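Notes follow the structure.
In the numbering used here, the protein residues as written are 230 to 715.
And the structure:
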């Protein structure tokens, strides 16, 4: 029994008894998931953002100015409760991701879909790998999605100015939010006056214009400038394939239902497919030249989740056989289990303590070599620990001769390993694990850069990054990193 074109079958009627209860369960479930698997140490961009916020350097990497403001408020507010600066940002992002899921539900409802469709859409979105990553880290994209989804809801509710303010806030968090702007033109095609869409975009441009007045050069040409980083993008078919693989890694078992949902939308003469086409067209620069596991395509995920939800419900409404319904339930279960296996690893509560301990005991004026993610963490935690005397060097794209020269110029040199196997990689046979270590780890790079240099592990080599002291004198094979059980 179907309640409407997008309504649930009789099997789902129980959901209508208490929508508020269902949303509370959704928020509580994902809130607990994000909190239990939250990151315990900040690496890479998240560490740099945290450092900029802690130092109140709002105009450093000003493309993310909006995140710095919100992060500063959270850091100061939670700091009064005794929560560490890095932990406060991780908690903030968990809360923001839960809010984004609730806004996803509300958006599906405003687009004419049922409570069950909205609930399923939000759940699918929350179980994509990138949503889990953003809910358990201190990156910028959970805040971006909150503002973008809020602007969509406000626009459909007829609040053009408020929608513009929310979308303008999203643009201050990251310029990637601009790729979500076709939604407002789609809304105009859907029946809203075109003047309302133009008013929303005009209001949204105002905060960004104000930021450019005071930080134009840093915004375009700074360390993370919009134009200075564009030159590093390697536009190629391989990156398109990479982004396609990233979408597969995020949706995997639900991709067939996404196709079914697209058919259901086409059959019902919905304009959602037109919106998806428009969003994909404006995302062309991202599809062609930017990677990062598909997070740069994050604006697409609520709509992809909606199509997958429509496909799943289409099976329940039109193919009531036990076999077909069992297959759809199995796909959802496999989707959740596979996502957890691919994207979640047990949180390491000790690594931050190990990192801080290393920083506090390192010799004065010592050299510390690290790849980008660990280098950024060293910058943050050495600042927190008051160790400005350490010479931190990022080894990414650093020629061997430069690595050898910088080591030779220091009396004491350390390195922080970048590679450690995740849950899936640890299942590989020993020979394959050793090959992956030699190919991806920092220690073999250092040994190749300076023959005779033997990185000696300061801590046991387990499933977490370790620290090395670089011994320039010949050492026994047992002291070499490649002979220590890898």
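Here a beta-carbon is modelled for each residue, glycine too, at the ideal position from N, C-alpha and C. Model, not experiment: these values are computed from the prediction.
Item: Run of the alpha helix (DSSP H) containing residue 643, from where it starts to where it stops; Value: Note, residue 643: premise wrong, no alpha helix (DSSP H); beta strand (DSSP E) at 642-645.
Item: Cβ pair residue 319, residue 366 closer than 8 Å; Value: yes
Item: Among 304, 583, 626, 534, the one whose alpha carbon lies nearest that of residue 284; Value: 304
Item: Through-space distance from residue 628 to residue 642, alpha-carbon basis; Value: 17 Å
Item: Cβ-based burial, residue 533 [other Cβ within 10 Å; buried from 16]; Value: buried
Item: Limits of the beta strand (DSSP E) - the one that residue 292 falls within; Value: Premise fails: residue 292 is in no beta strand (DSSP E) and is neither H nor E.
Item: For residue 669, the nearest candidate out of 441, 579, 360, 654 (CA to CA); Value: 654
Item: Pairwise C-alpha distance: residue 679 and residue 266; Value: 39 Å
Item: Residues bridged to residue 620 (per DSSP); Value: 596
Item: Given residue 436 as reference, the closest of 399, 491, 621 once Cα atoms are compared; Value: 399
Item: Terminal residues of the beta strand (DSSP E) in which residue 683 lies; Value: 683-686
Item: Residue 650 vs residue 662 beta-carbon contact at 8 Å; Value: yes
Item: Endpoints, alpha helix (DSSP H) assigned at residue 648; Value: Careful: residue 648 lies outside any alpha helix (DSSP H) and carries neither H nor E.
Item: Integer Cβ distance of residue 596 from residue 625, believed to fall under 8 Å; Value: The pair is not a contact, with the Cβ atoms about 16 Å apart (cut-off 8 Å).
Item: Proximity winner among 385, 440, 431, 439, relative to residue 417 (alpha-carbon distances); Value: 385
Item: Rounded C-alpha distance that separates residue 792 from residue 447; Value: Because the chain is modelled from 230 through 715, residue 792 falls outside the range shown and cannot be assessed.
Item: Stretch-stretch touch, CB-based, cutoff 8 Å, three pairs: the stretch 593-608 with the stretch 504-522; Value: no
Item: DSSP-derived helix/strand/coil call for residue 698; Value: strand
Item: Assigned secondary structure, residue 369 (DSSP; H/G/I helix, E/B strand, else coil); Value: coil
Item: Contacting residues, own chain, Cβ-Cβ under 6 Å from residue 317 (five flanking each side not counted); Value: 303, 304, 307
Item: Cα-Cα separation between residue 445 and residue 402, rounded to whole angstroms; Value: 15 Å
Item: The stretch 554-561 / the stretch 495-512 touching (three or more Cβ pairs under 8 Å); Value: no
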